[in-house]
Amino acid sequence: MKASGMLHEYSVIGRKLPTDADPSPQLYKMRIFAPDRVVAKSRFWYFLSKLKKMKKSSGEIVSIQR
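Set out below in structure tokens:
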């Protein structure tokens, strides 16, 4: 990722989609430095897929704050 301009710190919280087996899945929080919200969400899913067995299609963003 090339950083053109200023980077902002985003606090992104996400989780797996709730199912009948797991109605309240664990939350994952990351501090992401990115130029905008779209890139911050993208980087969140990139890093989470490397750390945990989770993809964007099976999860959701709960909160994103700058």
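For what it's worth, my numbering labels the leading residue of the sequence shown as 66, then goes sequentially. A virtual CB, placed ideally from N, CA and C, is assigned to each residue, including glycine. Small disclaimer: the values here were computed from a predicted structure and weren't measured.
Start and end of the alpha helix (DSSP H) containing R128? Note that residue 128 corresponds to Ser in the displayed sequence, not to Arg. Premise fails: S128 lies in the beta strand (DSSP E), G124 to Q130, not in any alpha helix (DSSP H).
Looking only at its own chain, which residues have a Cβ that is under 7 Å from the Cβ of G70, when we skip the five neighbours before and after it? P100
Residue interval of the beta strand (DSSP E) (run including A99): L92 to A99
Strand pairing of S89, partner residues [DSSP]: Bridge partners of S89: none, in fact.
Evaluate A86 with the Cβ neighbour count: other Cβ atoms within 10 Å of its Cβ, from every protein chain shown; 16 or more gives buried, anything less gives exposed. exposed
Could you name the residues of the same chain whose beta carbon sits closer than 8 Å to that of R102, not counting the 5 residues immediately before and after it, in chain order? Y75, I129 and R131
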